[in-house]
Amino acid sequence: MSKRSLLAALCFVGILIVAGTAGNGYLRKELPYEFDIVPVEGGIGITNTTTWNERDLLVSWRREGPDAETSMVMNHSLNQCVVGGLEDNQTYTIRIRRMDLPGRFIYKAFQTEIVTQEPAPTYVLLVGASVGKAWDLPSLPKRLKADGLVFGYRGKYGYDKTDVIDRIVKSQIRPDIVIIKECAAYFPKERGKIIERLPGWVEMLKAEGITPVVATCCPVTKENDRANPGKQAAIDEFNSFVRTLGVENHVEILDLAGTLSISETNSYLRESFAQPDGLHLNQSAYSALDHVLMDISVAWPRRQEARE
1 MSKRSLLAAL
11 CFVGILIVAG
21 TAGNGYLRKE
31 LPYEFDIVPV
41 EGGIGITNTT
51 TWNERDLLVS
61 WRREGPDAET
71 SMVMNHSLNQ
81 CVVGGLEDNQ
91 TYTIRIRRMD
101 LPGRFIYKAF
111 QTEIVTQEPA
121 PTYVLLVGAS
131 VGKAWDLPSL
141 PKRLKADGLV
151 FGYRGKYGYD
161 KTDVIDRIVK
171 SQIRPDIVII
181 KECAAYFPKE
191 RGKIIERLPG
201 WVEMLKAEGI
211 TPVVATCCPV
221 TKENDRANPG
231 KQAAIDEFNS
241 FVRTLGVENH
251 VEILDLAGTL
261 SISETNSYLR
271 ESFAQPDGLH
281 LNQSAYSALD
291 HVLMDISVAW
301 PRRQEARE
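So for the sequence shown, my numbering puts the first residue at 1; every next one is plus one.
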């Protein structure tokens, strides 16, 4: 880098620092956490899904109108809390803030609005990685204008979902349905380990009265498979195992592969659904999956009741 370029870069950084610290001496940043906020019976359930958090947070809520703001502490050892005793079918503003003294940075409060519901909606939680995160399931009911369902997401960047599912079953804000979704990135290397452990994850959820749903793995394009020999064959083997598990163990299946594949006899991901890497999905793919998930989400509770 030339001396002139270096000087220009330093001047730019200086301008940013001055702009950020003007008036209060701090740089302002967004709160570095992700939250799952859902209506529950009698109130609102709030979970900090950022597992590395080691700080208590201040949770405040206020109903529309003249009501004063009320607050409680979300302890970092739990990373969740339930705001109870709220009025049904009312809009509440939720604010979440750091409680520690600021250092160089001051974090903005996270703020959102949520409507309490009675009866509480069916709570569907997806456990997955980058493809699941990009789906943006919490916004699904709004996208499709659907009532009676809320969706959440728990990220797990690695094939082994044991620790995430363990936290879910021990949670005070428990979902009605958990979708277990594996990513194509873990194939073919982890195929055997996933097949070995998947039935155990299903049983962990069943034992706590939570309906497990297993998703077939999204396929990859033919070009991606050429670059990663054996990937699609391993995905096909896993998906066959999942479908058999569904039939033999009465487990609900979310067949993502069936929607995304070229045809019943050609399991590769359709190019029209793929991002350039041939593994991640584009918006057209997610729009197609939206309707598949919504259609069967409504039917899952009814089928479960019929089995019981």
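Beta carbons are placed, not taken as given, at the ideal position from N, Cα and C, and that holds for glycine.
Quick caveat: nothing in here was measured; it's all calculated off a predicted structure.
Query                                                                                                                                                                             : Result
Taking the alpha carbon of E87 as the point to measure from, which residue in A109, D225, I173, A120 has its own alpha carbon closest?                                            : A120
Pull up the CB-CB distance for T122 and D176, whole angstroms please, since I reckon it's below 8 Å.                                                                              : 5 Å
Over what stretch of residues does the beta strand (DSSP E) that includes N48 continue unbroken?                                                                                  : 43-48
Check for me: the beta strand (DSSP E) holding V150 runs from which residue to which?                                                                                             : 149-155
Taking the alpha carbon of G258 as the reference point, which residue from G246, L279, L289, V247 has its own alpha carbon closest?                                               : L289
How big is the Cα-Cα spacing for I165 and Y159?                                                                                                                                   : 12 Å
Let me know the secondary structure DSSP gives K170 once reduced to three states.                                                                                                 : coil
Thinking Y107 and W61 are a contact (beta carbons under 8 Å), I'd like their distance in whole angstroms, please.                                                                 : So it is not a contact: roughly 19 Å between Cβ atoms.
Per DSSP, what are the beta-bridge partners of F110 in this structure?                                                                                                            : I96
Starting from R143, trace the beta strand (DSSP E) in both directions and tell me its first and last residue.                                                                     : Where R143 is concerned, there is no enclosing beta strand (DSSP E), although the alpha helix (DSSP H) it sits in stretches over 140-144.
Out of curiosity, what's the CA-to-CA distance linking N48 and Q80?                                                                                                               : 6 Å
Give me the Cβ distance between I179 and V213, rounded to the nearest whole Å; I'm assuming they're in contact under 8 Å.                                                         : 5 Å
Any chance you could list the beta strand (DSSP E) runs of at least 3 consecutive residues sitting entirely within the stretch 243-307, in chain order?                           : 252-254
Where do the N-terminal and C-terminal ends of the beta strand (DSSP E) with W52 fall, by residue?                                                                                : Taken as a continuous stretch (DSSP letters only), W52 belongs to no beta strand (DSSP E), as it is neither H nor E.
To which residues does DSSP link A215 through a beta bridge?                                                                                                                      : L254
Judging by CA-CA distance, which residue of R154, K181, T162 is the nearest neighbour of C217?                                                                                    : K181
Buried or exposed: which applies to A9, given that a residue is buried once 16 or more other Cβ atoms fall within 10 Å of its Cβ?                                                 : Because the pLDDT of A9 is 43, which lies under 50, any placement of that residue in the model is unreliable, and the number read from its coordinates should be weighed accordingly. Exposed.
Roughly how many angstroms separate the alpha carbons of M294 and L198, rounded to a whole number?                                                                                : 24 Å
Alpha carbon to alpha carbon, what distance is there between P138 and G246?                                                                                                       : 26 Å
Kindly list the residues whose CB is nearer than 8 Å to the CB of V115, restricted to its own chain and excluding five residues on each side of it in sequence; keep chain order. : P39, N89, Q90, T91, Y92
How would you write the range of the alpha helix (DSSP H) that R104 sits in, first residue to last?                                                                               : No alpha helix (DSSP H) contains R104, which DSSP labels as neither H nor E.
Take the Cβ of D225 as the centre, count every other Cβ of all protein chains shown within 10 Å, and call the residue buried at 16 or more, exposed below.                        : buried
Nearest CA to the CA of I96: which residue from Q117, A184, T70, G209?                                                                                                            : T70
Less than 8 Å between the C-beta atoms of D100 and V73, yes or no?                                                                                                                : no
With distance defined between alpha-carbon atoms, name the residue in T244, T162, S261 nearest to L269.                                                                           : S261
Just confirm the distance between the C-beta atoms of T124 and K161, as a whole number of angstroms; I'd bet it's less than 8 Å.                                                  : Note on residue identity: the sequence assigns Val, not Thr, to residue 124. Not quite, the Cβ-Cβ distance comes to about 16 Å (not below 8 Å), so this is no contact.
Can you tell me whether Q111 is buried or exposed, with buried defined as 16 or more other CB within 10 angstroms of its CB?                                                      : exposed
Per DSSP, which residues does V83 bridge with? Please list them.                                                                                                                  : I44
In angstroms with no decimal places, state the Cα-to-Cα distance between I173 and A227.                                                                                           : 42 Å
Specify the secondary structure class of F241 as computed by DSSP and reduced to three states.                                                                                    : helix
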